[in-house]
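Participant: First, the structure itself, so that you have it in front of you.
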């Protein structure tokens, strides 16, 4: 199998506290500013502290693979993509890139704001080394995907963020780069466009045999797209392997201190309501009692909620709501639907809410806390209170776990032939 990317001992060092001139004009301006201080002997530069954004990173990516880059903010993911796309030079090591690279690292990267949408398409194609007739052959597909045909002759500086993003992705995906680098830019688009982009990325690898590197904090998208992933921590590659293992490792580390049995302070979270009842803190556990949220097939989940009440009261509507990253509400677990009543004493209360079955597929969900009366008056609505990262659960039967593209919630079922 052909190796598309070969990275050996890659490192990238920056000097903290210094600003590097990116143009001759900036260099001249900095020199003029320092001239008076230099004349009086006050132009002493502080010691430069080195910072390694990447250190000794080595890996290979085969042609046609879709590989995920996983890690916390500041782990070095974006820096790695910038080195691979030749936006910045490495400080040590080397990266061998076989083929043309298309990158989508920021919204509209590579676009000139004064040029029209059409002119920017030709500009990006020329940067990739494509001839005009090759670009013309893909023009209709790009415009149809981006849905900007009415604005193609308008300078892109007048585009909305959504239009900018759609055209940027369409250009990067359709101009046939051998390697496509995609940073966390899909979070800007709406749900429909995100699904469209994810489908296109899959097509690029499966049908066209091209290589894709994807950076995302959406673990559901990473697990859907990538069979293999890389985990970066502090600029170092700490683990590489099947995406399922990488995501589980990442979420385990991320949720230490905020996972099962750890209280999450929600007292300062965005909220609205009368304040008669007020959520203070929450914690959760899943049936297997592991760090992170990995529901077993029985799906039992327990929430413990710390609640303040201004006076003794009965709360007929009380529960949690699960939403996806686009705000679509997926699951409502409210005691109102079960005919249960919650009686609170004045002051601090601790409430345990057990959901007997919650079969969420892997992904990140926003959890909303709600307390109110029978006619919809809200005592407290904390939206969102916290995020819940669901790791792919161990499936039974054939051992196949469902993907989010077929729905976020699974269910227990039986089958018989009549």
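In my numbering, the protein residues as written are 64 to 481.
Just so it is clear, CB atoms sit at the ideal spot from N, CA and C, and this is done for glycine as well.
Values in this document were obtained by computation on a predicted structure and should not be read as measured data.
Is the beta carbon of residue 375 sitting closer than 7 Å to the one on residue 333?
Facilitator: It is not a contact, given that the beta carbons lie outside the stated cut-off.
Participant: With a cut-off of 8 Å on the beta carbons, I'd call residue 492 and residue 340 a contact; round off their distance for me.
Facilitator: The structure shown has nothing for residue 492, since the chain only spans 64 to 481.
Participant: Alpha carbon to alpha carbon, how far is residue 431 from residue 196?
Facilitator: Taking the straight line from one Cα to the other gives about 53 Å.
Participant: Rounded to the nearest angstrom, how far is the Cβ of residue 329 from that of residue 393, given a contact under 8 Å?
Facilitator: About 20 Å separates the two Cβ atoms, so there is no contact after all.
Participant: Please report the Cβ distance between residue 168 and residue 143, rounded to the nearest whole angstrom; I am assuming they are in contact, meaning their Cβ atoms lie under 8 Å.
Facilitator: Not confirmed; about 11 Å, so no contact.
Participant: In chain order, what residues of the same chain have a beta carbon less than 8 Å from the beta carbon of residue 146, not counting five sequence neighbours either side?
Facilitator: Counting only Cβ-Cβ distances below 8 Å, and skipping sequence neighbours, we find 73, 75, 117, 152, 153, 158.
Participant: Measuring straight from C-alpha to C-alpha, what distance separates residue 148 and residue 344?
Facilitator: Answer to the nearest angstrom: the Cα atoms are 44 Å apart.
Participant: Could you spell out the range, first to last residue, of the beta strand (DSSP E) harbouring residue 395?
Facilitator: 392 to 397 is the extent of the beta strand (DSSP E) around residue 395.
Participant: Across which residues does DSSP place residue 166 in a beta bridge pair?
Facilitator: Per DSSP, 244.
Participant: Between which two residues does the alpha helix (DSSP H) holding residue 232 run?
Facilitator: Where residue 232 is concerned, the enclosing alpha helix (DSSP H) stretches over 224 to 237.
Participant: Of the choices 125, 123, 129, 139, whose alpha-carbon is the least far from that of residue 115?
Facilitator: The shortest Cα separation from residue 115 among 125, 123, 129, 139 belongs to 139.
Participant: Taking the alpha-carbon positions, what's the residue 449 to residue 441 distance?
Facilitator: The straight-line gap from Cα to Cα measures roughly 19 Å.
Participant: Enumerate, from N- to C-terminal direction, the unbroken beta strand (DSSP E) stretches of 3 or more residues contained entirely within the region 376 to 457.
Facilitator: Correct list: 376 to 378, 380 to 386, 392 to 397, 405 to 407, 410 to 418, 426 to 435, 441 to 453.
Participant: Quick one: complete alpha helix (DSSP H) runs, 4+ long, within the region 111 to 198?
Facilitator: Taking only runs of at least 4 residues, the alpha helix (DSSP H) segments lying wholly in the region 111 to 198 are 140 to 147, 180 to 190.
Participant: Just the C-alpha distance for residue 210 and residue 222, rounded to the nearest angstrom, thanks.
Facilitator: Computed Cα separation, rounded: 12 Å.
Participant: Beta strand (DSSP E) containing residue 72: first to last residue?
Facilitator: Taken as a continuous stretch (DSSP letters only), the beta strand (DSSP E) holding residue 72 covers 66 to 79.
Participant: Are residue 284 and residue 293 touching if we call contact CB-CB under 7 Å?
Facilitator: It is not a contact, given that the beta carbons lie outside the stated cut-off.
Participant: By a C-beta neighbour count over all protein chains shown, 10 Å radius and 16 as the cutoff for buried, is residue 391 buried or exposed?
Facilitator: So residue 391 ends up on the exposed side.
Participant: Pick from 364, 238, 326, 418: whose alpha carbon is nearest that of residue 188?
Facilitator: Measuring from the Cα of residue 188, the nearest candidate turns out to be 238.
Participant: What number of angstroms, rounded off, separates the C-alpha of residue 136 from the C-alpha of residue 453?
Facilitator: The alpha-carbon atoms of residue 136 and residue 453 are separated by roughly 19 Å.
Participant: For residue 241 versus residue 162, is the C-beta spacing smaller than 7 Å?
Facilitator: A contact, by the Cβ cut-off of 7 Å.
Participant: With which residues is residue 330 paired in a DSSP beta bridge?
Facilitator: Answer by DSSP bridge pairing: none, since residue 330 is not bridged.
Participant: By a C-beta neighbour count over all protein chains shown, 10 Å radius and 16 as the cutoff for buried, is residue 207 buried or exposed?
Facilitator: The residue is exposed, with fewer than 16 neighbouring Cβ atoms inside 10 Å.
Participant: On the premise that residue 418 lies in contact with residue 434, defined as a C-beta separation below 8 Å, what is that separation, rounded to the nearest angstrom?
Facilitator: Rounded, the Cβ-Cβ distance is 17 Å, inconsistent with contact.
Participant: Should residue 372 be labelled buried (16 or more other beta-carbon atoms within 10 Å of its own) or exposed?
Facilitator: Its Cβ being crowded by 16 or more others within 10 Å, residue 372 is buried.
Participant: Determine the direct distance from the alpha carbon of residue 235 to that of residue 444, and round the result to whole angstroms.
Facilitator: Residue 444 and residue 235: Cα-Cα distance of roughly 41 Å.
Participant: When the distance is taken between beta carbons, is residue 427 closer than 7 Å to residue 363?
Facilitator: No, the pair does not count as a contact, with Cβ atoms beyond the cut-off.
Participant: Below 8 Å on the Cβ atoms is my guess for residue 247 versus residue 134; work out the distance and round it to an integer in Å.
Facilitator: At roughly 11 Å, the Cβ-Cβ gap does not stay under 8 Å, so residue 247 and residue 134 are not in contact.
Participant: Looking only at its own chain, which residues have a Cβ that is under 8 Å from the Cβ of residue 413, when we skip the five neighbours before and after it?
Facilitator: The residues are 367, 368, 369, 370.
Participant: In this structure, how does DSSP classify residue 372 when only helix, strand and coil are distinguished?
Facilitator: Correct three-state label for residue 372: strand.
Participant: Using three-state DSSP, classify residue 471 as helix, strand or coil.
Facilitator: Three-state result, residue 471: coil.
Participant: From the DSSP output, in three-state form, read off residue 263 for me.
Facilitator: In the structure shown, residue 263 sits in a helix (DSSP, three-state: H, G or I).
Participant: May I have the straight-line CA-CA distance separating residue 461 from residue 425, to the nearest angstrom?
Facilitator: Unreliable positioning characterises residue 461 in this predicted model, as indicated by a pLDDT of 46, which lies under 50. The coordinate reading is nonetheless provided below. Each residue's alpha carbon lies about 18 Å from the other.
Participant: What whole-angstrom Cβ distance do residue 70 and residue 276 have, given they're in contact under 8 Å?
Facilitator: About 11 Å separates the two Cβ atoms, so there is no contact after all.
Participant: On the three-state DSSP scale, how would you describe residue 204?
Facilitator: In this structure, residue 204 counts as helix in the three-state DSSP scheme.
Participant: Does the Cβ-Cβ distance between residue 282 and residue 310 come in under 7 Å?
Facilitator: Yes, these two residues count as a Cβ contact at 7 Å.
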